[in-house]
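What follows is a single structure, written as structure tokens, with notes after it.
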Amino acid sequence: MNADILADFLSGSHETSTYARYAAVANVLESSTPEQTGLPVLKVALLRNFTAEPLVPVLAGEIFRAGYHPRFYVGDFDAIQADVLDPNSRLYAFQPDFIILAQWLEALSPALTTAFISTSPPDRAAEEERIRLHVRTIVGALNANVRAPILLNNFPLPTQPTLGILDSQSTGYQTHTILRLNAAILADSAETSDVSIVDFMRVFAAHGTANFVDERYWHVARAPLSQKALVPIGTEYVKFIRALRGQAKKCLVLDCDNTLWGGVVGEDGLAGIQLGPTYPGSCFVALQREILNLHDRGVILALCSKNNEADVLEVLRDHPDSVLKEEHFAARQINWDDKVTNLRRIAEELNIGLDSLVFVDDNPFEATFVREQLPDVAVIALPPKAFASYRSLLTAPGYFDTLSYTAEDRRKNAMYGENRRRKALESTALSLDAYLSSLDLEVDIGNPSEVDVPRVAQLTQKTNQFNLSTVRNTEGDIRAFMAADAFDVFALKVRDRVADLGLVGVAIVAYDGPTATIESFLMSCRAIGRGAEDAFLAVVVRHAAEVRGSEVIVGTYAATNKNELVRDFYLRHGFVRIDESRDDRWSLTTTGGHGPNVPAWIRVTNGVDTHAIR
Amino acid sequence: MPSGNDTKLKQTLAQVLGVPESGIGDETSMDTVPQWDSLKHLNLVLAIEEQFGVSLTEEQSFEILSYPLAKAVLAEHGIDFAA
């Protein structure tokens, strides 16, 4: 294995990697084993009706960058149906973790592309319906045979419709026919578990369809994607893999001077900084507006600035054009300490890993320092003086991309504010017990309802620290567990005097004879430290013993580099090691009412579960 | 002394085909390198276009069947391989 090629690749980004370098990395990965790279395998099936192989090196490189050893199955050219409809196909034998379903409309439907004008309106409508059914059939067959997220592209719009300017004047013509077809495919996929639309329309528009399509290789090799398209499209696919594997960043940490506003507030004063309706202040207003959008989407904001705190707070409180206000920031380190120390403090205060942070700074020294000292932190280095580019530099990498947007996301930042208030309460309470009692904690534990499913799946995908087994589940997985008799899915909802935290914990239990195995047990970090996790385990164990009649409860712990926090979770709750030398499997005998207890300060209410639990 | 373009071409062939750069020479062709199949060929053409900033004609994309032929095609685009 040529480790230098891999290390060299990781030190750059998708913007600095050439296609030739991706090809080299893909070759190294293909000829090496996961044992050699030390990475878990991630298997991707690429089903296509065009020559999509040039994408494979980019997919391989970006999947490697995401921390996996890629393996590919590339379906035969234009043989999607044969692969998906035959349960014994090589596709299913491959057992993919992700399925890329890549279809090019010109290869699928001449009637809607090259022969649009020669096709009668009724035939066009029939063709629209045929393509929609074709996609639905493939997706249905995949869902019936394999549980893996499907990444399905929509169709880019034509750049040279036969009717030219007239084409856009009627919804019956080509552009709107394809828009309608894309909308129909979206509507179908929104109703189907585990299908995500990869928006070729948007990606092609962002870079220019003319740059993305290469007629030469379409004719020569049925390979329509141009060389320029390969990295953006390959990277776009891997954004979905990252999101579904729980790699979305959680917190945006911002420098202040020359990042949130132009100038240095400590020198220029409140009235002297650049922040307002005209250039260059307008660039910073635009950036702040985008940061607020991220906040409202559920991204946690924090400040990390070498400044006098009072100067920064004066801007946030009193500057009329500051979109961002003090209350938008869940944590702040405004002092003269180095930024590496401050970033560590922020991660600790917010109870999140350093690899959940994105750090933004205009100072090349700070950006480089953080990159070198904290390789887990994603760094956006704003080029000095190029203010107008700041907004798009923030959003382009897609660091915060997820595939769900829940009520909890919208409320999350309010909750961090509440956590600060709770901490204030904590410091005045006489003892921890007295403090916890003063919170009036209530937990609600039961089977999730249909509306809870996206949040349950999201928690399995995002939770890293308080996660015993770190098994990632899709919404489809969760529904399957809920429907199966041999499984229970439990959702933990927590509220206290200060706030309603919402759905913060998930447990999945498998029953087999006298044994109940806790396959997943996890809780969002922001609920840690109040005993809710203890109550959750107590109720899950009691349910297994009293309702399901389980005599032995088995708990599994799979060590990752994030979940040290819960290494002794089962030990602390009376479980014993099944194999004395290992920490990965634990058991508890429930006979005689033996089991963990609900802490005295927590009230368990239960409106969801059909089974009675005290 | 090999020219810079010569080194770049050998490097590109090595990267895309997954073979050592030192093994690339006049005898390197689709017939002698087992990894050089029709799909790798397309990746190679795309990488050569990227590395040399050229746009090949369809004919030329077929003609790059060996290291010497790649040099010949690139020379038609004004890429200098003289030492």
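Sequence lines, in order, name chains A and B.
Each residue of the first sequence is one higher than the last, beginning at 431 in my numbering.
Each residue of the second sequence is one higher than the last, beginning at 73 in my numbering.
Quick reminder that beta carbons are idealized off the backbone N, C-alpha and C, glycines included.
How many whole angstroms separate the CB atoms of residue 612 of chain A and residue 533 of chain A, which I take to be in contact at a CB cut-off of 8 Å? The Cβ separation is near 12 Å, so there is no contact.
Proximity winner among A:874, A:919, A:880, relative to residue 890 of chain A (alpha-carbon distances): A:919
From the DSSP output, which residues share a beta bridge with residue 500 of chain A? A:472
According to a CB-to-CB cut-off of less than 7 Å, which residues of the segment 126 to 141 of chain B neighbour chain A? 130, 133
Taking a contact to mean a Cβ-Cβ separation below 9 Å, would you say residue 676 of chain A touches residue 902 of chain A in this structure? The answer is yes: Cβ separation under 9 Å.
Would you tell me roughly how many angstroms separate the C-alpha atoms of residue 1039 of chain A and residue 1004 of chain A, rounded to the nearest one? At residue 1039 of chain A the pLDDT is 45, less than 50, meaning the model places this residue with poor confidence and gives no usable figure here.
Continuous beta strand (DSSP E) stretch holding residue 787 of chain A: start and end: 787 to 791
Counting only runs of 4+ residues fully inside the segment 744 to 772 of chain A, write out the alpha helix (DSSP H) ranges in chain order. For secondary structure counted as the alpha helix (DSSP H) over 4 or more consecutive residues, the segment 744 to 772 of chain A holds no complete run.
Proximity to residue 555 of chain A [Cα-Cα], best of A:459, A:995, A:452, A:601: A:601
Can the beta-carbon of residue 966 of chain A be found less than 9 Å from the beta-carbon of residue 875 of chain A? Result yes, Cβ atoms of residue 966 of chain A and residue 875 of chain A sit closer than 9 Å.
On the CB-based measure, 16 or more other CB atoms within 10 Å of its CB, does residue 653 of chain A come out buried or exposed? buried
Nearest-angstrom Cα separation, counted from residue 434 of chain A out to residue 451 of chain A: Between residue 451 of chain A and residue 434 of chain A, the C-alpha separation is close to 12 Å.
Strand pairing of residue 951 of chain A, partner residues [DSSP]: A:937
So is residue 649 of chain A buried or exposed if we call it buried at 16+ other beta carbons inside 10 Å? exposed
4 or more residues per run - each alpha helix (DSSP H) lying fully within the segment 683 to 708 of chain A: 695 to 698
Report back the beta-carbon spacing between residue 211 of chain B and residue 96 of chain B to the nearest angstrom; my notes put them in contact at under 8 Å. Shown here, chain B extends from 73 to 155; a query on residue 211 of chain B therefore has no answer.
Who are the Cβ neighbours of residue 829 of chain A in its own chain at under 7 Å, not counting the five residues just before and after it? 679, 788, 808
Report yes or no: do the segment 593 to 600 of chain A and the segment 485 to 500 of chain A share at least 3 C-beta pairs separated by less than 8 Å? no
Return the CA-CA distance between residue 442 of chain A and residue 801 of chain A, expressed in angstroms with no decimal places. 12 Å
Kindly give me the distance between the Cβ atoms of residue 170 of chain B and residue 651 of chain A, rounded to whole angstroms, as I take these residues to be in contact under 8 Å. Any question about residue 170 of chain B goes unanswered here, given that chain B covers just 73 to 155.
Beta-carbon spacing of residue 751 of chain A, residue 852 of chain A below 9 Å: no
Interface residues of chain A facing residue 119 of chain B [CB-CB closer than 7 Å]: 449, 450, 453, listed in chain order.
Spatial neighbours of residue 666 of chain A within its chain, please: C-beta separation below 7 Å, excluding the five flanking residues on both sides. 628, 633
Residues of the segment 87 to 99 of chain B in Cβ contact with chain A at a cutoff of 7 Å, in chain order, please. 87, 88, 90
May I ask you to report which of helix, strand or coil DSSP gives residue 956 of chain A? Per DSSP, reduced to three states, the secondary structure at residue 956 of chain A is helical.
Three-state secondary structure (DSSP) of residue 445 of chain A: coil
Roughly how many angstroms lie between the CA atoms of residue 882 of chain A and residue 810 of chain A, to the nearest whole one? 34 Å
Got a sec, what are the start and stop residues for the alpha helix (DSSP H) residue 490 of chain A sits in? 486 to 495
Taking the continuous beta strand (DSSP E) assigned at residue 811 of chain A, which residues delimit it? 808 to 811
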